[in-house]
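**Student:**
2 protein chains.
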Amino acid sequence: MRDLKGDNASWESYDQLLIATGASPISPDVPGADATDIFGVSTLESGLNIHRRLDKGGIKRAVVVGGGYIGLEMAEALVMRGLEVALIDRSAQVMGTLDEEMGALVSQALRDVGVTLYLAEELVEFETASGKVTGVVTDKRTLPADIVILGLGARPNTALAGAAGIPLGEKGSIRVNERMETGIAGIWAAGDCAESFHLVSRKPFYVALGTVANRQGRVAGINLGGGYATFPGVMGTAVTKICHVEVARTGLQEKEIEALGLEHVSAVIKSRTKAGYFPGAGEITVKVLAEKGSGRLLGGQIVGKEGSAKRIDTLATALHAGFTVEEMINLDLGYAPPFSPVWDPVVIAAREVAKKL
Amino acid sequence: MRDLKGDNASWESYDQLLIATGASPISPDVPGADATDIFGVSTLESGLNIHRRLDKGGIKRAVVVGGGYIGLEMAEALVMRGLEVALIDRSAQVMGTLDEEMGALVSQALRDVGVTLYLAEELVEFETASGKVTGVVTDKRTLPADIVILGLGARPNTALAGAAGIPLGEKGSIRVNERMETGIAGIWAAGDCAESFHLVSRKPFYVALGTVANRQGRVAGINLGGGYATFPGVMGTAVTKICHVEVARTGLQEKEIEALGLEHVSAVIKSRTKAGYFPGAGEITVKVLAEKGSGRLLGGQIVGKEGSAKRIDTLATALHAGFTVEEMINLDLGYAPPFSPVWDPVVIAAREVAKKL
């Protein structure tokens, strides 16, 4: 143990050890990456740093690098503050955890609020002047920038654990069993440094999300304290929003299904968040994916107006249950005009998939 | 067959017959019940009749008889139009499909928007003048009324079917099998005239709701046309709202569980619709009920601000899956601050129940 406030180091013995070292935002290995006014977002403090910088003034043009959750949410926040916002991503779409046609709806939502997108563009370097960022150079253009936000994902902080001989897994996260115990007896791991298990693919999976970290921590804590608890795994559920457009996903997307060698059918339907005639009914698009033949639900994606995102919970719960899309047709979900069409949009989508099996 | 526009009657043969006679609002058998300005609500037309009467003017004081969905929704609508609204119910609470402490939250929501409640009061008669209603007499008082709305529930229209020898079931509805076929081969029934099956109590059940009628009709239609479809039954899911307060329920309530002779444990928790620090986070109260010992989920009830009601779908889907409250703790539901606390309120409630098993 090293005292971070001094030079003191000491040894401390343990009966049970918990590793909860979290993850760090990925920083790009390109020239200029250490210039000032380039910010990662991972902690409350890093968010406050951006806030303080913006409050200081002189910032008109922001460039967000990366179109995942953090990138999109930062783009929204910067647009709301009145900045001119550009977002670049090396993929041809934002939100890589969505299939292409659903990702396109999110791109449109970003453009609708004024974000300029540069997709399929690779970050090459940052232009700087006196150590301060002034532009973002891609393989296609140079974007002037007063501030840059990095949303390139997170990498588990496992260098120490790995060096100590603790087995690592997906993306360098610490491999754990269902009880959150590592490959070394008496050493446990939980949170963004630890691996998860994907309950649909039945394979190890890494995801850095607060809800997963929180549940893992609870399970590790119970077991450390001599109790018994398990964390069976995740469905890959996630929700976000860009101003008035909500985005949600769960289970496997097309490329994940294909990687498993499974055949699937899917349907994309458009419906309304409330009865069509009810004031405030907004558009909602739902995609449902199922295994060809068996009809086993594999995943779902939602993009729509207020009241859309949390409908993913019905699909996530159905995934936990191992339901087929036919079984979903019989779900007795809540209906009243202020809340839903007679058939809930997620069930409409399941019904369309069932027709194609 | 009788031609309703003339006196002609004729016989028509059939191969397959569908009975879809619906239900009628219950009219109280008390003096004055046929006076003008007393309205039931069952069809679009009956809703329009009330609208037209209000538009004609001279209506200041409304009395709603019955505190179920229709009664509450009409009370809301009349309050929104600026009327003085009183609501009477013979029970000690409104929303008899909720347990007492949850019903009390709904009563409070009604009072908060200005509805005066008279609970545990029996309707005795209507006061009238020149054939027009002028007051509602209960066993405790007389309430002056310019208009009266009846929300006393619905009764299936099955007199003809019963007289024809078709077996009837719960509350006089037409008994059907999973395919919506009646006790007489070749005769089918669907909608508010037909019986359902409760998937938690595993007993016949009658409910007049659009979503159930719609799904029954789909199944009857497929079977009539030579296909094969089943309607396994309902969970008793329902949602409604009173201005900004949303109400939802699914599964069995306490009195239904007791009637089945089951022992149960329950928990009522208060949480927020979004992360507590997020703008617009509102209060949500969730009750979850489970079988003592086994932990099998039996039902759930929700009362809360915007974003509360449709969370019932997670509980309804978990009921379909036969999950225990412990299994619910592992659900991977959507989390982001604009949508939910890290632990969704329905899971917090399930976790509290799991501690008591």
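These protein sequence lines map, in sequence, to chains Y and A. Be aware that the first sequence starts at 33, since it is given in the numbering used here, and climbs by one per residue. Be aware that the second sequence starts at 33, since it is given in the numbering used here, and climbs by one per residue. The beta carbon of each residue, even a glycine, is placed where N, CA and C say it ideally should be. As the structure is a computational prediction, the values presented were derived from the model and not from experiment.
Could you tell me which residues DSSP puts in a beta bridge with residue 220(Y)?
**Tutor:** In the first sequence, the residue the question calls residue 220(Y) occupies position 188. Looking at the DSSP assignment, residue 220(Y) forms a beta bridge with 50(Y), 213(Y).
**Student:** Could you tell me whether the Cβ atoms of residue 178(A) and residue 287(A) are closer together than 8 Å?
**Tutor:** Translated into the one-based positions of the second sequence, residue 178(A) becomes position 146. Translated into the one-based positions of the second sequence, residue 287(A) becomes position 255. For the pair residue 178(A) and residue 287(A), the CB atoms are not nearer than the 8 Å cut-off.
**Student:** Quick check on DSSP: helix, strand or coil for residue 260(A)?
**Tutor:** In the second sequence, residue 260(A) corresponds to position 228, counting from 1. In this structure, residue 260(A) counts as coil in the three-state DSSP scheme.
**Student:** Quick one: what's got a C-beta closer than 8 Å to residue 151(Y)'s C-beta in the same chain, skipping five residues either side?
**Tutor:** As a working note, residue 151(Y) is residue 119 in the first sequence. Answer for residue 151(Y): 99, 120, 121, 123, 124, 125, 126, 139, listed in chain order.
**Student:** Could you give the DSSP three-state label for residue 140(A): helix, strand or coil?
**Tutor:** Taking the first residue of the second sequence as 1, we reach residue 140(A) at position 108. Three-state DSSP puts residue 140(A) in a helix.
**Student:** Which bits of chain Y does residue 388(A) rub up against, with CB to CB less than 9 Å?
**Tutor:** Here residue 388(A) refers to the residue found at position 356 when the second sequence is read from its first residue. Result: empty, since nearest Cβ-Cβ is about 17 Å, beyond 9 Å.
**Student:** Look up residue 441(Y) in the DSSP assignment and say whether it is helix, strand or coil.
**Tutor:** Any property of residue 441(Y) remains undetermined from this structure, which presents chain Y solely from 33 to 389.
**Student:** For residue 150(Y), which residues does DSSP report across the bridge?
**Tutor:** In the first sequence, counting from the first residue as 1, residue 150(Y) sits at position 118. Paired residues: 120(Y).
**Student:** Residue 58(A): which of 102(A), 88(A), 33(A) sits nearest, CA to CA?
**Tutor:** Taking the first residue of the second sequence as 1, we reach residue 58(A) at position 26. Closest by alpha carbon: 102(A).
**Student:** Taking the alpha-carbon positions, what's the residue 252(Y) to residue 209(Y) distance?
**Tutor:** Translated into the one-based positions of the first sequence, residue 252(Y) becomes position 220. Translated into the one-based positions of the first sequence, residue 209(Y) becomes position 177. For residue 252(Y) and residue 209(Y), the distance between alpha carbons rounds to 10 Å.
**Student:** So what does DSSP say about residue 333(Y), is it helix, strand or coil?
**Tutor:** As a first step, residue 333(Y) is located in the first sequence; it is residue number 301 there, counting from the start. Assigned with DSSP and collapsed to three states, residue 333(Y) falls in strand.
**Student:** Please report the Cβ distance between residue 300(A) and residue 272(A), rounded to the nearest whole angstrom; I am assuming they are in contact, meaning their Cβ atoms lie under 8 Å.
**Tutor:** Position 268 of the second sequence, counting from 1, holds the residue named residue 300(A). Position 240 of the second sequence, counting from 1, holds the residue named residue 272(A). So it is not a contact: roughly 19 Å between Cβ atoms.
**Student:** Just curious, the alpha helix (DSSP H) that residue 359(A) is in, first and last residue?
**Tutor:** On the second sequence, residue 359(A) is found 327 positions in, with the first residue counted as 1. Its alpha helix (DSSP H) spans residues 357–361.
**Student:** Would you be able to state if there are at least three C-beta pairs under 8 Å between the region 194–203 of chain A and the region 214–227 of chain A?
**Tutor:** yes
**Student:** Select from the region 220–240 of chain Y all residues with a C-beta closer than 9 Å to any C-beta belonging to chain A, and list them in chain order.
**Tutor:** 231
**Student:** Please classify residue 330(Y) as buried or exposed, where buried requires at least 16 neighbouring CB atoms within 10 angstroms.
**Tutor:** Position 298 of the first sequence, counting from 1, holds the residue named residue 330(Y). Result: buried.
**Student:** For chain Y, check one thing: does any of its Cβ atoms lie closer than 8 Å to the Cβ of residue 393(A)?
**Tutor:** A question about residue 393(A) goes unanswered here, because the residues of chain A that appear run from 33 up to 389.
**Student:** For a minimum of 3 consecutive residues, which ranges assigned as the beta strand (DSSP E) are wholly contained in the region 280–307 of chain A?
**Tutor:** 296–304
**Student:** Using a Cβ-Cβ distance under 8 Å, would residue 260(A) count as near chain Y?
**Tutor:** For this step, residue 260(A) is matched to residue 228 along the second sequence. Answer no: the Cβ-Cβ gap between residue 260(A) and chain Y never drops below 8 Å.
**Student:** Could you work out which residue in 268(A), 307(A), 257(A) is closest to residue 230(A) when comparing CA atoms only?
**Tutor:** Here residue 230(A) corresponds to residue number 198 of the second sequence, with the count starting at 1. For residue 230(A), the nearest C-alpha among the options comes from 268(A).
**Student:** Hey, is residue 309(A)'s beta-carbon within less than 8 Å of any beta-carbon in chain Y?
**Tutor:** The residue labelled residue 309(A) in the question sits at position 277 within the second sequence. False, the Cβ-Cβ gap to chain Y never drops below 8 Å.
**Student:** Examine chain Y for any beta-carbon lying closer than 8 Å to the beta-carbon of residue 212(A), and answer yes or no.
**Tutor:** Start at 1 with the first residue of the second sequence, and residue 212(A) comes out as number 180. So, not an interface residue.
**Student:** In chain A, which residues lie less than 8 Å from residue 267(Y) when you measure between Cβ atoms?
**Tutor:** Counting from 1 along the first sequence, the entry for residue 267(Y) is found at position 235. The contacting residues are 364.
**Student:** With a threshold of 8 Å between beta carbons, is residue 5(A) in contact with chain Y?
**Tutor:** No statement about residue 5(A) is possible, as the shown extent of chain A runs from 33 to 389 and does not include it.
**Student:** Excluding sequence positions up to five away, which residues of its chain have a Cβ less than 6 Å from the Cβ of residue 184(Y)?
**Tutor:** Taking the first residue of the first sequence as 1, we reach residue 184(Y) at position 152. Here the set comprises 58, 98.
**Student:** On the criterion of 16 or more Cβ atoms from any shown chain inside 10 Å, does residue 205(Y) qualify as buried, or is it exposed?
**Tutor:** Translated into positions along the first sequence, residue 205(Y) becomes position 173. Flag for residue 205(Y) reads buried.
**Student:** For the 8 Å Cβ check, are there 3 or more pairs between the region 62–73 of chain A and the region 36–53 of chain A?
**Tutor:** no
**Student:** Three or more C-beta pairs closer than 8 Å, one from the region 330–341 of chain A and one from the region 238–250 of chain Y: is that the case here?
**Tutor:** In short, these stretches do not touch, since the Cβ pair count stays below three.
**Student:** Between 280(A), 118(A), 201(A), which has its C-alpha nearest residue 174(A)'s C-alpha?
**Tutor:** Along the second sequence, one-based indexing puts residue 174(A) at 142. Selected option, being the one with the closest Cα: 118(A).
**Student:** Please classify residue 309(Y) as buried or exposed, where buried requires at least 16 other C-beta atoms within 10 Å of its C-beta.
**Tutor:** In the first sequence, counting from the first residue as 1, residue 309(Y) sits at position 277. Residue 309(Y) comes out exposed.
**Student:** Does residue 377(Y) pass the burial test, meaning 16 or more other C-beta atoms within 10 Å, or should it be called exposed?
**Tutor:** Residue mapping note: residue 377(Y) aligns to position 345 of the first sequence, counting from 1. The residue in question, residue 377(Y), is buried, as its Cβ has 16 or more Cβ neighbours within 10 Å.
**Student:** Could you check whether residue 165(A) and residue 94(A) sit closer than 8 Å to each other, using their CB atoms as the reference points?
**Tutor:** Residue mapping note: residue 94(A) aligns to position 62 of the second sequence, counting from 1. Residue mapping note: residue 165(A) aligns to position 133 of the second sequence, counting from 1. Taking 8 Å as the Cβ cut-off, residue 94(A) and residue 165(A) do not qualify as a contacting pair.
**Student:** What runs of the beta strand (DSSP E), each 3 residues or longer, lie entirely inside the region 226–250 of chain Y?
**Tutor:** 228–230, 235–237
**Student:** Quick one, which residues of the region 140–171 of chain A are near chain Y if we go by CB-CB under 7 Å, in chain order?
**Tutor:** Against chain Y - using a Cβ distance shorter than 7 Å - the region 140–171 of chain A contributes no residues.
**Student:** Kindly say whether residue 303(Y), judged by its beta-carbon, lies nearer than 8 Å to any beta-carbon of chain A.
**Tutor:** Within the first sequence, residue 303(Y) is the residue found at index 271, counting from 1. For residue 303(Y), the answer is no, since every Cβ of chain A falls outside 8 Å of its Cβ.
**Student:** With a CB to CB cut of under 6 Å and the five nearest residues on each side skipped, what residues in its chain are close to residue 222(Y)?
**Tutor:** Along the first sequence, one-based indexing puts residue 222(Y) at 190. So the qualifying residues of the chain are 52, 212, 248, 249, 252.
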